[in-house]
Every structure is written in structure tokens, then in C-alpha cells.
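The structure under discussion appears below in the form of C-alpha cells.
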Amino acid sequence: MTRDGWYNLEKNKNGHYELLNRAFVPSNWEQNLYGVYWIPSYPNLAKVFRSGLDAFIFTRFGKRKIPAKPLRTQKMANGKDIEHARTDENFATDVMIHVGGTYEVNGYDHLGGSLGCFAFISDDDIYSTPELAKKASDDDSYDDKTTNADWKKIADRIIKLSFEKKKELRILLDYRDESKNYYPKEVLSE
């Protein structure tokens, strides 16, 4: 799983790109147990087909709006609101666990990660160093295998355990020391 979601705020006054980590961080780590709402088709862009990929949305007392630490900023470098800015900076809505990395939906490959969500990434899409990630990007080899099959196995197992045992899904989010986050020196894009 990954939860870091790097968002490009564009160039600042000095001509350097600024990045915002849009990762979800609970407002209070002592309240880190969440209910889960199952979405049987993600992403379902037009709601006219099933992707065959599941997602799970965090809830608090049945609501999809959950307390969160505010992001460092809600503005682009030019002062405009970031895309999908939080309506209340102290709450995140629709924080999910979903497919990530390179995945296929409806015959098209997508490269997806996480903007405030947690994304499942197959081992094939994980590189132990920034240099190996750059090489995979340069060689265009990062998308040779999709995450679909690996994610489907995990999601099916979660659903089966929940439905067979008639148990509600819950997520206990482990604490992460934000001061130890890795900040990329270079952003790779396709």
C-alpha cells in the first residue's frame, strides 16, 4: 500500500516546482479505527460498466467525511484552489483503499496512485531506489504488468472474510511519524 499522493502545485516565484503531499493523516491518532464502506466497482467513471475492481471507503460513524489534519495548503502556486480542494480543511471525504500502480479498466491502461487515499501497488511497480524508478520510467518498463490480478486477490479475500463471517469491515490505521516522510527530488511523469 502507498498513501503518499504528490500533487504538483506548479512553479513558484523562484521558478521551482512545488509539491504537496495530499496524504490523509488522521486529526487524532488515538481515533484511528475506521468503518469501511465497500464499493464493488472502482473507478467507475461513467457508471455504465463494472471495472471488476473493488475499493473500500473509510467511514466514521457511517459518514464518509472523516476528521483529518489540514493539508499544508489548499492553493496552487498562482493562488487558485487546488483541484478537489477540501470544503472544510479539517475533514477529508472519500478516503479509500483502491487499486494503484498500473492497472487496466475497459481495455485501457491507467497509472494511478493516491490523492488522499491508500493505493495498492503490485510488487512489479515498487522500486527500492529512486534511481531504479527513474530507469523503469526511462525504459518504459514500469507498466509491463498491471496490478489488477494482485489487487483482485486481496480485495476478494477481504470481501469473503467479511461476508462469510458476517463481520463489518474495519481499518486500524497505524501511526506514521510525518517528520520521517520521503520527499522526492524529481517527479517522473508519462
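Numbering (my numbering), first residue to last: 272 to 461. Virtual Cβ for every residue (Gly too), placed ideally from N, Cα, C.
At what residues does the alpha helix (DSSP H) containing residue i begin and finish?
i, result
"Trp422", "419-435"
"Glu402", "401-410"
Quick one: measure Cβ to Cβ for residue i and residue j, integer angstroms, because I've assumed they're closer than 8 Å.
i, j, result
"Leu280", "Ala348", "5 Å"
"Ala326", "Ile368", "7 Å"
"Thr417", "Asp380", "7 Å"
"Ile337", "Phe362", "7 Å"
"Arg335", "Thr364", "6 Å"
"Lys456", "Pro401", "7 Å"
Assuming contact is defined by CB atoms lying nearer than 7 Å, are residue i and residue j in contact in what I supplied?
i, j, result
"Ser450", "Leu440", "no"
"Gly371", "Gly383", "yes"
"Phe295", "Val366", "yes"
"Ser408", "Thr273", "no"
Identify the continuous beta strand (DSSP E) that holds residue i and give its terminal residues.
i, result
"Leu382", "379-383"
"Leu304", "304-310"
"Pro338", "336-338"
"Asn299", "Segment: none, Asn299 is in no beta strand (DSSP E) and carries neither H nor E."
"Glu281", "277-282"
"Arg441", "441-443"
"Asn292", "288-292"
"Phe389", "389-391"
"Gly372", "372-376"
Check whether the stretch 294-308 and the stretch 324-344 touch, using three or more Cβ-Cβ pairs below 8 Å as the test. yes
Would you call the stretch 388-397 and the stretch 336-353 touching, i.e. three or more CB-CB distances under 8 Å? no
Ranges of the beta strand (DSSP E) found wholly within the stretch 323-366, counting only runs of at least 3: Here the runs fully enclosed are 326-330, 336-338, 362-364.
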